[in-house]
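J.: Starting off with a structure, shown below.
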Amino acid sequence: PVPVDWRNFENPRRDMMYVAIAGPLSNVALAVICSFFIRIISPGQNQILFILLSFGIFINVALAIFNLLPIFPLDGSSVLKGLVSHEAAEKLAGFDRYGAL
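Residue 141 is where the sequence shown starts when you use the working numbering, and the numbers rise one by one after that.
Okay, here's the thing in structure tokens:
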């Protein structure tokens with residue numbers, strides 16, 4: 141987790157959601173970049189690079205999906221808290237202490 145001082149935000153609940161979604165979005169961006177380079181090269185030209193880029197796509201997509209699970213301390217819990225009502229977000233925040241168990 142990245143330490144963030146939520147007091148600096150104009151709308152803390154919404155802005156923390158934006159901070160949380162940045163991680164999975166960066167994983168998706170890296171997967172897109174790897175797929176762009178795979179389209180440029182052919183498997184016969186440089187097989188090792190092709191395999192590494194394929195792993196880069198797989199790992200980054202898997203990390204993005206895993207991080208979006210709504211379990212504390214994963215990013216999905218912060219995203220979910222930003223999408224639901226204030227009362228529901230407070231109830232979800234109560235489960236944060238149990239998420240790391």
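C-beta atoms are modelled at their ideal positions from N, C-alpha and C, and glycine is treated no differently.
Go ahead and pull the three-state DSSP assignment for F149.
T.: In this structure, F149 counts as coil in the three-state DSSP scheme.
J.: Is DSSP giving G196 helix, strand or coil here?
T.: Three-state DSSP puts G196 in a helix.
J.: Just confirm the distance between the C-beta atoms of L220 and P213, as a whole number of angstroms; I'd bet it's less than 8 Å.
T.: With 8 Å as the limit, L220 and P213 do not qualify as a contact, their Cβ atoms being about 13 Å apart.
J.: Rounding to the nearest angstrom, what Cα-Cα distance links L208 and S166 in this structure?
T.: Each residue's alpha carbon lies about 12 Å from the other.
J.: Who are the near neighbours of A229 in its chain, counting only those whose CB is closer than 7 Å to its CB and skipping five residues on each side?
T.: Within the same chain, A229 has close Cβ partners R153, K221.
J.: Under a three-way DSSP split, which group does G184 fall into?
T.: Three-state DSSP puts G184 in coil, outside helix and strand.
J.: For L193 and A171, I'd like the C-alpha separation in whole angstroms.
T.: Each residue's Cα considered, the two are about 9 Å apart.
J.: When the Cα of F177 is compared with those of K231, A202, P164, I197, which residue comes out closest?
T.: Minimum Cα distance to F177 is reached at I197.
J.: Near S218, which residues of its chain fall below 7 Å by C-beta distance, leaving aside the five closest residues on each side in sequence?
T.: Answer for S218: M156, M157, A160, listed in chain order.
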